[in-house]
Amino acid sequence: MSPLFLHHCYSFLISNRCFYRLKFEIQIEMSFTAQLFYDTQGWAAFWWLRWFIVW
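Quick look at the structure:
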């Protein structure tokens, strides 16, 4: 589990809602991780293409 997820769970534990929101938070975490992965892939492709064009 990532620090982001743990931070969310800790915040909801304080407000006594962690149990009810846990599934929702896991879905957000997975979506965020997937988005970050695709963004990283996109940036890697962009920089590689930029380097290729420069040369």
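Note that my numbering has the sequence shown beginning at 1249, numbered continuously upward.
The beta carbon of each residue, even a glycine, is placed where N, CA and C say it ideally should be.
- Rounded to whole angstroms, the separation of the alpha carbons of Q1275 and A1292 is 26 Å.
- Separation of L1297 and D1287 (C-alpha to C-alpha, rounded to the nearest whole angstrom) is 15 Å.
- Across the structure, G1290 and T1281 are spaced so that their CA atoms are roughly 14 Å apart.
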